[in-house]
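The next block holds one structure in the form of structure tokens; read it before the comments.
There are 4 protein chains.
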Amino acid sequence: MAKRLGILTSGGDCPGLNAVIRGAVLKGDSVYGQEFVGFIDGWKGLVEGNAIPLDRRSVRGLSSQGGTIIGTSRVGPYREPDGGADNIRQRMKRLGIDGIIAIGGEGTANAAKRLFEDGVNIVGVPKTIDNDLAATDYTFGFSTAVEIATEAIDRLRTTGNSHKRCMVLEVMGRHAGWIALFSGIAGGAHAILIPEQPETIEQISEWVRSVVHRGRAPMVVVAEGFTFPDMDQAHSTKGLDGFNRPRLGGIGEVLAPLIEEHTGIETRATVLGHIQRGGAPSAFDRVLATRMGMAVSDLVADEGWGKMVALHGTDIVRVDFADALANLKTVPPQSYADYRQLFG
Amino acid sequence: MAKRLGILTSGGDCPGLNAVIRGAVLKGDSVYGQEFVGFIDGWKGLVEGNAIPLDRRSVRGLSSQGGTIIGTSRVGPYREPDGGADNIRQRMKRLGIDGIIAIGGEGTANAAKRLFEDGVNIVGVPKTIDNDLAATDYTFGFSTAVEIATEAIDRLRTTGNSHKRCMVLEVMGRHAGWIALFSGIAGGAHAILIPEQPETIEQISEWVRSVVHRGRAPMVVVAEGFTFPDMDQAHSTKGLDGFNRPRLGGIGEVLAPLIEEHTGIETRATVLGHIQRGGAPSAFDRVLATRMGMAVSDLVADEGWGKMVALHGTDIVRVDFADALANLKTVPPQSYADYRQLFG
Amino acid sequence: MAKRLGILTSGGDCPGLNAVIRGAVLKGDSVYGQEFVGFIDGWKGLVEGNAIPLDRRSVRGLSSQGGTIIGTSRVGPYREPDGGADNIRQRMKRLGIDGIIAIGGEGTANAAKRLFEDGVNIVGVPKTIDNDLAATDYTFGFSTAVEIATEAIDRLRTTGNSHKRCMVLEVMGRHAGWIALFSGIAGGAHAILIPEQPETIEQISEWVRSVVHRGRAPMVVVAEGFTFPDMDQAHSTKGLDGFNRPRLGGIGEVLAPLIEEHTGIETRATVLGHIQRGGAPSAFDRVLATRMGMAVSDLVADEGWGKMVALHGTDIVRVDFADALANLKTVPPQSYADYRQLFG
Amino acid sequence: MAKRLGILTSGGDCPGLNAVIRGAVLKGDSVYGQEFVGFIDGWKGLVEGNAIPLDRRSVRGLSSQGGTIIGTSRVGPYREPDGGADNIRQRMKRLGIDGIIAIGGEGTANAAKRLFEDGVNIVGVPKTIDNDLAATDYTFGFSTAVEIATEAIDRLRTTGNSHKRCMVLEVMGRHAGWIALFSGIAGGAHAILIPEQPETIEQISEWVRSVVHRGRAPMVVVAEGFTFPDMDQAHSTKGLDGFNRPRLGGIGEVLAPLIEEHTGIETRATVLGHIQRGGAPSAFDRVLATRMGMAVSDLVADEGWGKMVALHGTDIVRVDFADALANLKTVPPQSYADYRQLFG
């Protein structure tokens, strides 16, 4: 019998969320006769029973639209007093919902795994703009963020050259430096600083000086989660992992004056921020998100509860929540070393 | 001992050629002490011994530049009287070239395979904007073409809606419909017509009528290599494959008046043409091209003559020319069927 | 007393139409308590009494949207049997409409002038993507078209350079060459061909040869309305103005093979077409269109029937329909000569 | 007799500088036989006699390139010991320079005026990305900055909507709010805060609450020079003008937490920064800059020392330095009031 499904989007905004919703609704409706509702503002809507119907007409033209028409929040499903698996199963029963499609990141996958173990029919679509989920080659939103960051580098370079300045661009990437690595390679950055690979301010300054020595204006891309061991106490506070983190503002804003101080080269920081996660998705992300939406409709039709869709090579496959969560996908040391080799 | 290598780019222009050259030169210089020259205008430069030195300075800032600084042409290496393996080996000897890096499409791979079999030290980097080489998940340039085609669809849709017209966009894709499929999904096209899947004008008109019936302006994306069995003799000439091809202009220009005639719905065609293969590459293509350039430097260092670099999943791997050429990578019927399911 | 107004958009699609509608509705509602309806598909909707209410909510988010939410067509208001000033006045009375806001080009302005003379309360907003209305410094849509054409030139140039080809881009401009002139200057074209300035194929070929002689790949931008006196009979048909026009396809498609034939230089044409008039408007056009929408709300409040809004310098002013229609704004010979001087 | 001219670019980077240089060199060479050198890094290069030749070949392809190939700095011409009119005249004599073309902002115009009064042959091209020079309708670079800021607003809005957050975007505009006004109108911002019009945090919070009340996510655009009278002492320091300025970071970063505190609505700030002044110019800016470059070549040919080129309507005209400097062009209260009326 055709199923009735509830979709929710959780966590930070990400280009492609709407395309996933559209892909699931169009294929589900056409092929399986599935019906859909959208829970408003993520798990909150599920827990509170706040849902709107999602039919073909509601998803028209959505592939090119950034954001999510059903809203998102950072609330989790186990919050008191209305959350938890029992409450959610009752809520689903009352709304006539056969299963949940949860589109979200690591936190969502963890919650979904627990709900599944507690007997809730749930499947997932991985969402992380940082591209740091191990189970999938790429996540939608990442390509858009990289395109935006690369355009920013292209723009900053001309100004760096005009003024003979060092330009620092801070991009997203809390635990993994994929956006920094990809945009840095695409934009021809001279230094790419990522959370996986702490570097001393001495090393960074050495790189910057060497670029200036070759007659060029240094372009540094730094992921927000990058830290350096010798960040002094005036600028930092020690994190739980033992590394120092910036006390105020972003790492780019801490780094730029330190580079200037160590090298004598005028240095300016730009923090790209939320611009990376909004607006129209790249075509690549629209296709990936649409395919994931279509595939999750298949997954539900097969009652593949407890699984997520993922990209392997050019194929959309299915993985267990547990596998998806086993490891954070960070930049391998060899990939980082390869990039460094460009600069001898 | 460090090698001296000649790079050539052959066939149609493609965003990312310069990034490949830069990746090879930077890594080859930094890691292996390789030296490079560029043959001017593809095989022609090799055959005629027309080459320029390529050092670090020559490739500065190239990752973001479209085109190829060493030029390209459609000339092959076996042309008389200066071509052929013997002449080319002598030419290489005179120029002190240890090996050739040939960046090109199917024709180039075929020629490179034959040269390799004739004893020339040669490796390859696959280049096809149509993404139709079987040995690699994606080729650089394809992502850029898809982004450009998708932006064109986004623009044409608003005009289609304003005028209640059917809009037809012809994109590249002579033997494979990847650009049409990806940009069509990304842009939410109502019909995607590809070389792999002939459709009658009756079927196409039926789709168009059904979109109008749902109150929308039909958006049709058609790959240049698409044909339809019932194309009448006034518009077509029969190809060697038995299918009809447009007599004049592109398939989009043949299709639009036929759709208008069959449906009574005002229909306009746009042929995107060369815009798809020029200009700044997308960030995705810059990264892929840079990585392929770096990997071909490794390949040469390992004396992996007779092989090409390729993308498998997220890895750059090595494949034999023969494997690369075994099959054209066309859109699988299932992928096409999946897309059709979006529209019930 | 607050007025009730009917808005219509007529003629070819143009980026900024929606922003005009939004500007008029928001200001009219906020400042004057005006009410609005939109006539569907231009004059057709007025003549047939087909209208939808336009309130603040209907115009949300419209400044960035291409196209027109009320549709457009090329139908005029004097068509039989329902058109004409008498019928329209009756129609307005029945719908309780105090005045018409007609957004359109020369045809619309002519019709509006006649309706005004026949006693209909009507005001206008000039719309021509070709920028050829004399009464206004710029029309919205023009800037967007120029940006799109310039990006196309940027892309085509790299391919021209890679292949040492002459690239021909046909842009819009039936009677005036503004899009060709602006995009050609912005893109650094070597020849800009406009309707106002016929040139022989001999002269054009001379320019192309001279560019090749300087070691560059020629970039030619041609407005769709350009003609050359020596276009031969195989390619042309004589227009009412005595000049020859292409028999089939666009002027770019006629020109390219002729250039190739006369110069021996490989030449390729691209016809940009409808892409120029769809999609998101440039910021400049959004501002201009919004300001014109706001100003037309003022104009109606002042009962300035028979007038249009226009841009003079940085100011939005009011002009009579008659003044707006007195002359087509074509590229002055001096401006064209100035551009030619760049190439000595 | 044909003149030999020195060009310099001074102050902050600005899209279009290279197009001005190209326009002057191409026209000067073609029409007047003028010769050009470029002083490296602004006035510094003039004072120190550091110059490079600028011929047709040096300016190839420059119309689309951001930055300035001759560098820029914030150094002035009267610095000791090598500056001052006497030294500069001697320097010009030794280099055989007949006149100076100074491309720069208010500081440059002031210095040029003084040099002219001290007997130096000098003309100017106005450059301010903030568009705040009274003598010209628009300055090049402004359009590019507005396009970039508008794209940022488009992106931030989707994220604001997804999270029901208030998004604050800080754009450039130290003394004049033109970028904020134009991008805010183009992007449909709900509040635009400019230096010319201080507003209390209470008023801003009232606007934000009212937008949320209408069910939308508030978008606030703030110019970097905006201040509010009730900025508390923890966040501000009093400027010479008696207004408070942010103590640390940009005004956007001060404003966002205050809005959140006053309204209870989650609020996030993005500071666009240097991205606004780098990279490829918009087509509009390329045309304006090219025309100004061409016009300054005419101005020099006419020995119009002591004057600048400027845009009036669609014409390039000449103005005295003194007139250009008489007033800062700020946003008129009426324009600001007009925009406010959109929101009733």
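Residue numbers (UniProt numbering), protein chains in the order written: chain A, 1 to 344; chain B, 1 to 344; chain C, 1 to 344; chain D, 1 to 344.
Glycine included, every Cβ here is placed at the ideal spot set by N, Cα and C.
Asked, Found
"Where Val25(A) sits in the DSSP three-state scheme", "helix"
"Leu193(A) - DSSP class collapsed to helix/strand/coil", "strand"
"Test item: CB-CB of Val296(B) and Val309(B) under 9 Å", "yes"
"Segments assigned beta strand (DSSP E), at least 3 residues, entirely inside the segment 79 to 115 of chain B", "99 to 104"
"Sequence-distant residues of the same chain with beta carbon closer than 7 Å to Phe182(A), five excluded per side", "Val146"
"Sheet register partners of Phe36(A) (DSSP bridge)", "Leu5(A) and Leu54(A)"
"Chain A contact residues for Ala152(D), given Cβ-Cβ distances below 7 Å", "Ile275"
"Cβ-based neighbour list, Ile275(A), same chain, cut-off 7 Å, excluding 5 preceding and 5 following", "Ile148"
"Per-residue DSSP class, three states only, for Arg268(D)", "strand"
"Backbone CA spacing between Ala2(A) and Asp320(A) [nearest angstrom]", "24 Å"
"Distance between beta carbons of Gly273(C) and Thr159(B), contact taken as under 8 Å", "Not confirmed; about 10 Å, so no contact."
"Minimum Cβ-Cβ distance from Asp130(C) to chain D less than 9 Å", "no"
"Backbone CA spacing between Arg291(D) and Gly16(D) [nearest angstrom]", "11 Å"
"Reference Gly12(A), options Leu115(A), Met294(A) and Phe140(A), closest by Cα", "Phe140(A)"
"Unbroken alpha helix (DSSP H) run spanning Arg157(A), endpoints", "Phe142 to His163"
"Burial state of Arg165(B), where buried means 16 or more other Cβ atoms lie within 10 Å", "buried"
"Met92(A) and Val120(A) closer than 9 Å at C-beta", "yes"
"Under 9 Å (Cβ pairs) to chain A, residues found in the segment 20 to 41 of chain B", "Arg22, Gly23, Leu26, Lys27, Asp29, Ser30 and Val31"
"For Ala223(D), three-class secondary structure by DSSP", "strand"
"Nearest-angstrom Cβ-Cβ length linking Ile122(A) and Gly99(A), presumed shorter than 8 Å", "6 Å"
"C-alpha gap between His190(D) and Phe343(D), whole angstroms", "7 Å"
"Short CB-CB distance (under 9 Å) between Arg286(D) and chain A", "no"
"Sequence-distant residues of its chain with Cβ nearer than 6 Å to Tyr336(D) (five each side left out)", "Gln197"
"Per-residue DSSP class, three states only, for Ile316(C)", "strand"
"His312(A) at chain B interface by Cβ criterion, 9 Å", "yes"
"For Val287(C), three-class secondary structure by DSSP", "helix"
"Inter-stretch contact at 8 Å, needing at least 3 Cβ pairs: the segment 22 to 33 of chain D / the segment 45 to 64 of chain D", "yes"
"Residue from His163(B), Gly187(B) and Glu303(B) with nearest C-alpha to Arg268(B)", "His163(B)"
"Beta-carbon proximity of Val47(C) to Ile101(C), cut-off 9 Å", "no"
"Beta-carbon gap between Ile52(B) and Val31(B) smaller than 9 Å", "no"
"Short-range partners of chain B found in the segment 103 to 118 of chain A, where Cβ spacing is below 9 Å", "none"
"Selected residue, minimal CA-CA separation from Pro281(B), among Gly28(B), Arg214(B) and Asn18(B)", "Asn18(B)"
"Extent of the continuous beta strand (DSSP E) to which Glu170(B) belongs", "Cys166 to Val171"
"For Leu193(A) and Leu156(D), the rounded distance between their alpha carbons", "26 Å"
"CA nearest to the CA of Ala283(D), picked from Gly66(D), Phe39(D) and Thr128(D)", "Gly66(D)"
"Cut-off 7 Å between Cβ atoms - residues of its own chain near Ile153(D), not counting five sequence neighbours on either side", "Leu169, Ser183, Gly187, Ala189, Met219 and Val221"
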